[in-house]
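Working notes, beginning with the structure itself.
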Amino acid sequence: MNILSIGEKIKKKRKKLGMTLKDLAGNRVTTGQISLIESGKSNPSMDLLEYLAKNLETSVEYLLESEQRQAIKICEYYENIAFCYLFEKNISEVELCLSEMVVISDKYNLEQIRYKIYFIKGVCLYKLKNYDKAVENFLISNLGFLKFSMNEELIQSFLYLGYIAIEQKNYVSASVHLECVIKIIDKYFSNYDLMFFKVYYLASKNYVELGNIEKSSYYLKKCIDILDKLYKPKENAVTFMEKSMEYMKLEDLDNAVKFSYASRRYFEELNILNDRQFVENRISEYLIEKNELYDGKKHLRRAKSIHLDYGFDNLFEIYKNFVILYVKEDNIDKAKTYLLKLEESLDTKKIDNVMDFYMLKYKIHMIEENYSDAEIVLILGYNFAKDFGEYRKAGDFCLVLSKFYIDIKKIKEAENMIEEALVQYRRGGYKLSF
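Below, the structure written as structure tokens:
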């Protein structure tokens, strides 16, 4: 979409309506005056501007909008569309949006937009798990957000720094970022439910990792209360994104920005549902470990329900926890049902998932006293881990095999497995000395 001067807007509207210079001039001005205005050699008075706006079926505000303001709006459009693509993990399209923003921000010296570009780059790098570079971009963007009091953007940046800290298991650092966010929200955004959800989600996730289930559940409850007010179907996100693109093609910048912003918000809410699924599943995992099976099952069912409604990609972890839950409840038939679901959802490229599957299958065979199949599964797990260079995991399988052989009185085989475990652990970097 082109950025137009007043004269260019008048000429474009006139041509679109099929009007000649004489048609537009009427009895009010000369065609020469109109020609000078369209070429940028003369500026219209306010009275003349009102006359032109009326005859061109547009508004004075549209004609008066500066080129810089148009540039900012176009950048806002690309920013919103970039975030929509980010939620769909379409990084190549995000980069195209960023390249448009870079060109416009450089041409019109839009410093605030430049800092937004750093932020979006940071989000891209976060999605690609390039955390060091992501942090670098977020810190640069924070300088600008502080300088221009861009508080909403500053909150988003601190949240991503918190996410990265959690990914890197630096939970104390995550708490620091979280405290910064809460202070800003309390001061500027006390009624912004969506913003509060993100903070509460991060707090819930952080306390899950710290093993503080009580506090994690407290923040999760706050998340759920907010989410009940925010629910909207996924179709809205895609529909509004398509509408914004249609308006951009029609060069209706105001509607393009409005619908792109709405689409971005819907995608954010969908992203929140994915976050909630993760937290529900992790809380269920900790509760099951503590043998609080009733509450664990409740959270697990919520996670499964979100998956069934929206098709997020955390299904393996949910089914795995159902298997563990039903084993603890001595409901082996149910455990086997979910083990089968687990196998059907297994992505063999995710090595940890495959090894978890083998270990669960082994445990169920042992409960059923099916020792021959239990041995086969452990050997398969050991070979799989070794073949993919997961030597520590291979060592773990060897130790389980050694215990298995001891239990069935195969002492020589047990000794061999212990020796093999030591070999694999050394290959995996453990420094063992006896």
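In my numbering, the protein residues as written are 28 to 461. The beta-carbon is built from N, C-alpha and C at its ideal position, and this holds for glycine as well. These numbers were taken from a predicted model, which means no experiment stands behind them.
Among the options, which has the Cα closest to the Cα of residue i?
{"i": "Asn517", "options": "Tyr227, Lys324, Tyr158", "result": "Shown here, the chain extends from 28 to 461; a query on residue 517 therefore has no answer."}
{"i": "Lys249", "options": "Ile406, Lys232, Gly238", "result": "Lys232"}
{"i": "Asp434", "options": "Gly416, Ser399, Phe411, Asn410", "result": "Ser399"}
{"i": "Leu277", "options": "Ser32, Lys38, Ile37, Lys43", "result": "Lys43"}
{"i": "Lys368", "options": "Ile378, Asn348, Glu356", "result": "Asn348"}
{"i": "Glu106", "options": "Leu76, Glu344, Leu75, Gln139", "result": "Gln139"}
{"i": "Glu395", "options": "Gly422, Glu241, Ile359", "result": "Ile359"}
{"i": "Ala98", "options": "Ser32, Leu327, Lys439", "result": "Ser32"}
{"i": "Ile147", "options": "Lys439, Cys102, Phe424", "result": "Cys102"}
{"i": "Ile211", "options": "Phe223, Ser200, Ala201", "result": "Phe223"}
{"i": "Ala80", "options": "Lys38, Phe165, Lys324", "result": "Lys38"}
{"i": "Tyr246", "options": "Gly238, Ala230, Asn239, Leu237", "result": "Ala230"}
{"i": "Lys100", "options": "Phe114, Val226, Ser72, Ser271", "result": "Ser271"}
{"i": "Ile64", "options": "Val350, Glu84, Lys36, Ala441", "result": "Lys36"}
{"i": "Glu206", "options": "Leu181, Gln195, Glu194", "result": "Leu181"}
{"i": "Asn239", "options": "Leu280, Glu446, Glu273, Arg309", "result": "Arg309"}
{"i": "Asn397", "options": "Phe431, Lys49, Glu447", "result": "Phe431"}
{"i": "Val381", "options": "Gly149, Arg41, Glu92, Asp414", "result": "Asp414"}
{"i": "Leu320", "options": "Asn29, Asn282, Val350", "result": "Val350"}
{"i": "Ser168", "options": "Tyr145, Met177, Ala161", "result": "Tyr145"}
{"i": "Asp23", "options": "Ile61, Arg96, Leu75", "result": "Examination of residue 23 is not possible in this model, given that the chain is present from 28 through 461 alone."}
{"i": "Tyr135", "options": "Ile30, Pro71, Glu163, Lys49", "result": "Ile30"}
{"i": "Leu428", "options": "Lys376, Ser244, Ser69, Glu402", "result": "Glu402"}
{"i": "Pro71", "options": "Gly34, Glu92, Thr85", "result": "Gly34"}
{"i": "Gly455", "options": "Asp133, Tyr418, Ser119", "result": "Tyr418"}
Could you check how far apart the C-beta atoms of residue i and residue j are, in whole angstroms? I think they sit under 8 angstroms.
{"i": "Val235", "j": "Tyr313", "result": "7 angstroms"}
{"i": "Ser287", "j": "Tyr104", "result": "5 angstroms"}
{"i": "Tyr385", "j": "Val404", "result": "5 angstroms"}
{"i": "Glu94", "j": "Val87", "result": "17 angstroms between Cβ atoms; not a contact."}
{"i": "Ile391", "j": "Lys363", "result": "6 angstroms"}
{"i": "Ser372", "j": "Phe343", "result": "5 angstroms"}
{"i": "Phe216", "j": "Tyr187", "result": "That belief does not hold up - the Cβ atoms of Phe216 and Tyr187 are roughly 17 angstroms apart, past 8 angstroms."}
{"i": "Ser200", "j": "Ala192", "result": "4 angstroms"}
{"i": "Asp327", "j": "Leu352", "result": "Looking at the sequence provided, one finds Leu at residue 327 rather than Asp. Yes, Leu327 and Leu352 are in contact; Cβ-Cβ is about 7 angstroms, under 8 angstroms."}
{"i": "Val306", "j": "Tyr228", "result": "7 angstroms"}
{"i": "Ser62", "j": "Leu48", "result": "6 angstroms"}
For residue i, count neighbouring C-beta atoms within 10 Å of its own C-beta (all shown protein chains included) and say buried if the count is 16 or more, exposed if not.
{"i": "Gly45", "result": "exposed"}
{"i": "Met444", "result": "buried"}
{"i": "Arg494", "result": "Absent from the model: residue 494. The displayed extent of the chain is 28 to 461, so no value can be given."}
{"i": "Phe175", "result": "exposed"}
{"i": "Leu170", "result": "exposed"}
{"i": "Ser332", "result": "exposed"}
{"i": "Lys416", "result": "At residue 416 the sequence reads Gly, which differs from the Lys that was named. Exposed: under 16 other Cβ atoms inside 10 Å."}
{"i": "Lys259", "result": "Its pLDDT being 47, under 50, Lys259 is placed unreliably by the model, and the measurement read from it follows with that caveat. Lys259 should be labelled exposed."}
{"i": "Met73", "result": "exposed"}
{"i": "Met117", "result": "Looking at the sequence shown, residue 117 is not Met but Asn. With fewer than 16 Cβ atoms within 10 Å of its Cβ, Asn117 is classed as exposed."}
{"i": "Leu83", "result": "buried"}
{"i": "Glu194", "result": "exposed"}
{"i": "Arg41", "result": "buried"}
{"i": "Glu447", "result": "buried"}
{"i": "Gly465", "result": "Because the chain is modelled from 28 through 461, residue 465 falls outside the range shown and cannot be assessed."}
{"i": "Lys214", "result": "exposed"}
{"i": "Ile438", "result": "exposed"}
{"i": "Leu90", "result": "buried"}
{"i": "Lys225", "result": "buried"}
{"i": "Val121", "result": "buried"}
In chain order, what are the residue ranges of uninterrupted alpha helix (DSSP H) at least 4 long that sit wholly in the segment 39–75? Qualifying alpha helix (DSSP H) stretches, in chain order: 48–52, 58–65.
For the segment 121–137 and the segment 314–324, state whether three or more C-beta atom pairs, one from each stretch, are separated by less than 8 angstroms. Counting Cβ pairs under 8 angstroms, fewer than three are found: no touch.
Every unbroken alpha helix (DSSP H) within the segment 102–183, with a cutoff of 4 residues, ordered by chain: Contiguous alpha helix (DSSP H) elements confined to the segment 102–183 occur at 118–134, 138–154, 158–174, taking only those with 4 or more residues.
At least three beta-carbon pairs within less than 8 angstroms, the segment 108–118 to the segment 54–65: Taking 8 angstroms as the limit for Cβ pairs, the verdict is that the segment 54–65 does not touch the segment 108–118.
At what residue ranges does the segment 407–459 contain a whole run of the alpha helix (DSSP H), taking only runs of 4 or more? DSSP runs (the alpha helix (DSSP H)) wholly in the segment 407–459: 418–434, 438–454.
How do the segment 412–429 and the segment 437–451 stand: do at least 3 beta-carbon pairs fall below 8 angstroms, yes or no? At 8 angstroms Cβ cutoff, the stretches touch.
For the segment 323–408, which segments carrying the alpha helix (DSSP H) assignment without a break, of at least 4 residues, lie completely within its bounds, in sequence order? You should have 342–355, 359–371, 378–394.
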